Ligand SMILES: C[S@@+](CC[C@H](N)C(=O)[O-])C[C@H]1O[C@@H](n2cnc3c(N)ncnc32)[C@H](O)[C@@H]1O
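Residue numbers (this note's numbering): 13 to 247.
Pasting the structure below:
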């Protein structure tokens with residue numbers, strides 16, 4: 013049994029790799045993660061491939077903070093479903109937004125699957141690259157360092173510390189901690205801030221300063237970038 017874990021890119025279907033497209037055309041079984049109503053990864057795939065003659069299994073991934081024991085039973089149950097389907101189809105594709113190695117919910121299932129199924133990860137264009145290109149911004153050059161952090165776990169003290177070591181901070185999932193982020197940025201040394209919502213989607217929004225972001229623009233699919241200002245700024 014073989015499971016391809018495909019990164020489908022950040023939103024624009026043209027950013028799905030040729031390799032991922034080729035695999036999706038070949039397999040008859042697709043696992044589509046969903047947080048409830050949304051089927052974003054599948055909607056990207058559907059713009060390129062006709063999935064009507066394929067078996068598509070929705071897998072529900074609750075949008076909760078993790079490390080909660082109660083979810084372990086759920087991950088196990090989802091993994092069992094994956095194995096059950098793979099026993100019939102022999103191979104399938106689990107689609108995931110961006111790149112599979114980067115904050116992908118697939119890895120909640122991996123511990124339960126790895127001894128039973130051959131898992132092959134196919135890289136995709138990550139949202140971080142998509143956001144930086146949309147701004148456009150160099151995330152790093154020469155000796156500069158980047159820290160990528162989940163905003164919902166970040167404290168003010170940590171943010172200050174990180175900025176002493178890293179020139180660039182990338183804050184994932186900032187929407188639920190917005191007031192905390194504004195609050196901590198107000199106390200940081202000289203920084204430039206950027207906010208991008210739904211990078212590469214038709215409804216993409218780009219802000220060159222966090223102060224300009226309207227509350228209605230806050231969205232799960234968004235990233236904040238904080239860049240330490242240089243003496244003479246070349247970013
Ligand atoms: C569970 S992580 C998945 C990351 C994904 N595996 C990747 O490589 O980009 C979801 C977070 O990625 C970011 N994200 C994903 N797609 C995005 C997009 N098109 N524009 C902006 N941020 C995005 C948001 O911070 C969102 O909360």
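Idealized CB from N, CA, C, for every residue including glycine.
Quick caveat, the model's predicted, so the values are computed rather than measured.
Just curious, the beta strand (DSSP E) that residue i is in, first and last residue?
i, result
"residue 163", "No beta strand (DSSP E) contains residue 163, which DSSP labels as neither H nor E."
"residue 193", "Residue 193 -> not in any beta strand (DSSP E); alpha helix (DSSP H) instead, spanning 190 to 198."
"residue 16", "14 to 19"
"residue 130", "130 to 134"
"residue 37", "Element bounds for residue 37: not the beta strand (DSSP E) but the alpha helix (DSSP H), 30 to 38."
"residue 236", "234 to 240"
"residue 43", "41 to 46"
"residue 104", "103 to 108"
"residue 183", "180 to 184"
Exposed or buried, which one is residue i when buried takes at least 16 other CB atoms within 10 Å?
i, result
"residue 48", "exposed"
"residue 53", "buried"
"residue 26", "exposed"
"residue 56", "buried"
"residue 138", "buried"
"residue 205", "buried"
"residue 196", "buried"
"residue 111", "buried"
"residue 116", "buried"
"residue 30", "exposed"
"residue 74", "exposed"
"residue 32", "buried"
"residue 141", "buried"
"residue 72", "exposed"
Starting from residue i and walking both ways along the alpha helix (DSSP H), at which residues does that stretch end?
i, result
"residue 154", "Counting along the chain, residue 154 falls outside any alpha helix (DSSP H), and DSSP gives it neither H nor E."
"residue 139", "139 to 146"
"residue 55", "52 to 58"
"residue 211", "Run containing residue 211: none; DSSP gives neither H nor E here."
"residue 10", "This structure cannot settle anything about residue 10, because the visible part of the chain is limited to 13 through 247."
Return yes when the Cβ of residue j is within less than 7 Å of the Cβ of residue i, no when it is not.
i, j, result
"residue 19", "residue 135", "yes"
"residue 131", "residue 181", "no"
"residue 66", "residue 42", "yes"
"residue 44", "residue 51", "yes"
"residue 157", "residue 178", "yes"
"residue 17", "residue 114", "no"
"residue 121", "residue 91", "yes"
"residue 35", "residue 85", "no"
So residue i packs on residue j, CB below 8 Å; how close in whole Å?
i, j, result
"residue 146", "residue 193", "Actually they do not touch by this definition, with Cβ atoms about 19 Å apart."
"residue 235", "residue 143", "5 Å"
"residue 46", "residue 70", "5 Å"
"residue 183", "residue 151", "With a Cβ gap of about 13 Å, residue 183 and residue 151 do not count as contacting."
"residue 200", "residue 159", "Going by Cβ atoms, the distance from residue 200 to residue 159 rounds to 13 Å, so no, they are not a contact pair."
"residue 61", "residue 37", "6 Å"
Compare the Cα-Cα distances from residue i to each of the options and report the closest residue.
i, options, result
"residue 24", "91, 214, 167 and 70", "214"
"residue 21", "218, 212, 63 and 229", "212"
"residue 216", "224, 129 and 231", "231"
"residue 13", "32, 121, 170 and 127", "127"
"residue 15", "75, 175, 99 and 83", "99"
"residue 173", "229, 83, 227 and 240", "240"
"residue 148", "219, 166 and 28", "219"
"residue 129", "154, 103 and 140", "103"
"residue 125", "208, 154 and 88", "88"
"residue 165", "153, 155 and 188", "188"
"residue 168", "185, 155, 153 and 198", "198"
"residue 191", "93, 68, 222 and 28", "222"
Check whether the Cβ of residue i lies closer than 6 Å to any heavy atom of ligand 2, and answer yes or no.
i, result
"residue 232", "Looking for ligand 2 in the displayed structure turns up nothing; the ligands present are ligand 1."
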